[in-house]
Amino acid sequence: MTVQAVEARTWPNGCLGLGGPDELCTQALVPGWRVVLTDGQRTQVFRSDRTGRQVRLEWP
Numbered sequence: 351m352t353v354q355a356v357e358a359r360t361w362p363n364g365c366l367g368l369g370g371p372d373e374l375c376t377q378a379l380v381p382g383w384r385v386v387l388t389d390g391q392r393t394q395v396f397r398s399d400r401t402g403r404q405v406r407l408e409w410p
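Each residue of the sequence shown is one higher than the one before, starting from 351 at the first, in our numbering.
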């Protein structure tokens, strides 16, 4: 996997904008990163908070 892109983002909540219907998320803006990885055939996009303590896979 190689890093295709890294973008600074501000997520809308503690679930990085990816919370499920039964998940409780803090309601505060969270600075972080959107990271795009690729192996040439498939691409995966991850969201994280600024420290990388919380990381979530963004589904296409």
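Built from N, CA and C at the ideal position, the CB exists for glycine as well.
Beta-bridge partners of Gln394 (DSSP): Leu387. A check of alpha carbon separations from Leu407 across Val386, Pro362, Gln391 identifies Val386 as the nearest. When DSSP states are grouped into helix, strand and coil, Thr376 belongs to the coil group. Where Gln354 is concerned, the enclosing beta strand (DSSP E) starts and stops at 352-361. Excluding residues up to 5 positions away in sequence, Gly367, Val380, Gly382 lie with their Cβ nearer than 6 Å to the Cβ of Trp361 in the same chain.
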